[in-house]
Amino acid sequence: MTRNTQIRTRFAPSPTGFLHIGGLRSALTNYLFAKKYDGQFILRLEDTDQERLVKDSVKDIIDSLNWAGLKIDEGVIGVDEKGEIVEKGEKGPYVQSKRLKIYQKYAKQLVNQGDAYYCFCSSERLNEMRKQQQKQGEAPMYDRECYKLSDEQVKTRLKRGQKHVIRLKIPRERDFGAKVAVSENKNEGFTSFDDMVRGPCLFQNKLIDDQVLIKSDGFPTYHLAVVVDDYEMEIPHVFRGEEWLPSTAKHIILWELLGWKDKMPKFGHLPQLLNLNGKKLSKRDGDVSVRDFYKKGYLPEAILNYIALLGWNPKTTEEIFSLKDLEERFDEKKLNKAGARFDYKRLDWFSNYYIKQLEDKEYLKILKNQNFLENLKLDYEKAAKIALIQKERISKLGDVFLDIDYLIYDLEKFEKNLLGWKKMTDDEIKQNLQKAKEVIEKIDKKYFSSDRKNLEKITEILLEVAGENRGEFLWPLRVALTGKKQSVSPFECVWVLGKEKSIQRINKALALI
RNA sequence: GGCCCCAUCGUCUAGUGGUUAGGACAUCAGGUUUUCAUCCUGAAAACCGGGGUUCGAUUCCCCGUGGGGCUGCCA
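Written out as structure tokens, the structure is:
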């Protein structure tokens, strides 16, 4: 592959909470597009809403991206011990709150050009105005009251320090954009563009409101900041959620009014992630942050594979893709338009698949690192043995100790008749349990350590004794060890419980008969 | 309300102007197994509705319906 420094994509979340799974998918799409062309993936922080900032979210976003394996090439790459943001790259700062002067500069440029104006309207007036407009069935839009102000009036108000914003003056008559979708109506202005996902899109300028560019606290709005930053950071391709589709017209107008038309990126609007009811996936649907999935013990490979296939697929019947595969196979032309429902059952299948793919050693290491093996009643050896048994049964690492209480706690009383397989007599049960006891007693101690090979050895030994009548030997043994109709195999039980405990339980069962 | 986007099994999706509409998850049944899980085999399961265009529409067009988004000094 040839190095292409032209391709740069960015993920630009606002640090207002933990990274949402939908955000991760958006990041993934940008990342894959960049990597496919051997380009750079940039992380920028859009922290222009000072009221909604959440302290730890920057670290969470970076941690989540790292966990998923999406390497940040440029921009915000970390948070140091003092909580300071660490940046990398020539085109920074990559945190919008550090770029206020830049936005001010361009806003002033627009004012000087006559493409933006100061507005001193109070929120009360704006609310009232919108209410009236709604009542009359009109689209709520700023009435350009402050545009009528003379230069002198503006000057004196600014001098007095009156609270103000800067608004973009949408040129309602002019056409903007790529002209890929053309309206027959030549009397009004339209803005059009060719969306990488949706194809030609067309918006009427007369329905676009005079967007606030600079807020009264001096911070830019998203609309100004995103255009300025994508220009200055030289981003030629933008993939973002479809909630941005209607605002894209505003952005295109800004790109042109600022004189950057030839540098304008191509936009691709991704379908949304929905819950099983078809509504936007939100916190109310339970745990939807990447951190939540991590905490439950989902593997990043599973999450990535699953969400990559939500709204994209290679047009073949293949299902399993590593991040590397995705980097090679990704094709923006294969992105879907329709929203995709998030189905935990399907995720669980992927997750179970990837857990089973793990080498035992790696599997145990991850479990240990994430403290999933901690259990008051268990030492590491025993916990590890249980974990190995559970490997093919669980869909998330947090479930290692699910449904195997009988291996951890003392057995509750159980019905004696559970011990018989089919129509076994008490005598037969007794004989088989006795036989099992003798064999287990003779098993070498070394076969009880947490190496999976030992389980194979124990299985071999017990199976040999069982001979032809496996059921009659194994069923009573298994029930004696578990007290359950359904459980893991007797071999696994013996291995986990150890010699002493196994014999103890068999004795207890024998006493029942 | 206005503007915009979307629409194939329950879910994620493939696909085509003429196909037995394919795959995966989930479900159900059978097999393997001492039971559970794994694994294997199989079954059931979809083109939102109405008009066009056409010899023929799931596919192309229009309308409707349904769902979603935007309509903030939030992003």
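The numbering of the first sequence is the working numbering, which starts it at 1 and goes up by one.
Using N, Cα and C, we set each Cβ at its ideal position, and we do this for glycine too.
Exposed or buried, which one is residue i when buried takes at least 16 other CB atoms within 10 Å?
i: E301; result: buried
i: E74; result: buried
i: M1; result: Residue placement at M1 is flagged as unreliable, the pLDDT there being 41, under the threshold of 50; a coordinate-derived value is accordingly withheld.
i: V479; result: buried
i: P246; result: exposed
i: S192; result: buried
i: N277; result: exposed
i: K485; result: exposed
i: K283; result: exposed
i: R167; result: buried
i: E472; result: buried
i: S351; result: buried
i: I386; result: buried
i: E145; result: exposed
i: L281; result: buried
i: S450; result: buried
i: N4; result: For N4, the predicted structure reports a pLDDT of 49, less than 50, and the residue's modelled location is therefore unreliable. A value from the coordinates is still provided. Its Cβ having fewer than 16 others within 10 Å, N4 is exposed.
Write down the C-beta distance between residue i and residue j rounded to the nearest angstrom, noting that I regard them as a contact closer than 8 angstroms.
i: V86; j: I72; result: Contact doesn't hold; Cβ gap of about 10 angstroms is too wide.
i: Y298; j: K396; result: 5 angstroms
i: I440; j: K499; result: 6 angstroms
i: L326; j: L45; result: With 8 angstroms as the limit, L326 and L45 do not qualify as a contact, their Cβ atoms being about 25 angstroms apart.
i: A178; j: D194; result: 5 angstroms
i: L207; j: A139; result: 6 angstroms
i: L70; j: L28; result: 7 angstroms
i: K333; j: I355; result: In fact, because the Cβ distance is near 33 angstroms, the residues do not count as touching under 8 angstroms.
i: F293; j: I62; result: That pair is no contact at about 16 angstroms.
From the DSSP output, which residues share a beta bridge with residue i?
i: H164; result: For H164, which the question treats as bridged, DSSP gives no partner whatsoever.
i: S289; result: H20
i: A340; result: L273
i: S192; result: G177 and L202
i: T9; result: F41
i: H237; result: K266
i: P476; result: Beta-bridge pairing links P476 to no other residue.
i: K95; result: Residue identity differs from the one stated: residue 95 is Val in this sequence, not Lys. In the DSSP output, where bridge partners are listed per residue, V95 has L45.
i: K88; result: G75
i: V212; result: R167
i: C119; result: V165
i: W312; result: L335
i: P220; result: I214
i: T280; result: Position check: residue 280 holds Lys in this sequence, whereas Thr was assumed. K280 is bridged to L274.
Less than 8 angstroms separating the beta-carbons of residue i and residue j?
i: K337; j: R240; result: no
i: L407; j: A384; result: no
i: V290; j: S64; result: yes
i: L510; j: L497; result: no
i: S216; j: K279; result: no
i: L270; j: L335; result: yes
i: V54; j: C119; result: no
i: H237; j: T9; result: yes
i: L340; j: L419; result: The sequence given here places Ala at residue 340; Leu does not occur at that position. Result no, Cβ atoms of A340 and L419 do not sit closer than 8 angstroms.
i: Y409; j: R346; result: no
i: L433; j: P476; result: yes
i: F414; j: G483; result: yes
i: Q109; j: F219; result: no
i: I253; j: Q104; result: no
i: A116; j: K159; result: no
i: G398; j: K296; result: yes
i: F491; j: I458; result: yes
i: D230; j: P265; result: yes
To the nearest angstrom, how far is the alpha carbon of residue i from that of residue j?
i: D210; j: P171; result: 9 angstroms
i: S14; j: A225; result: 12 angstroms
i: A12; j: T48; result: 12 angstroms
i: N205; j: V228; result: 21 angstroms
i: D360; j: L388; result: 7 angstroms
i: S487; j: I404; result: 8 angstroms
i: A68; j: T16; result: 20 angstroms
i: K445; j: S502; result: 13 angstroms
i: I42; j: L100; result: 20 angstroms
i: K382; j: F330; result: 43 angstroms
i: E456; j: W421; result: 24 angstroms
i: F190; j: E173; result: 8 angstroms
i: L309; j: K36; result: 17 angstroms
i: D426; j: L512; result: 10 angstroms
i: I303; j: A249; result: 33 angstroms
i: E128; j: Y147; result: 18 angstroms
i: D80; j: Q357; result: 35 angstroms
i: F321; j: V212; result: 43 angstroms
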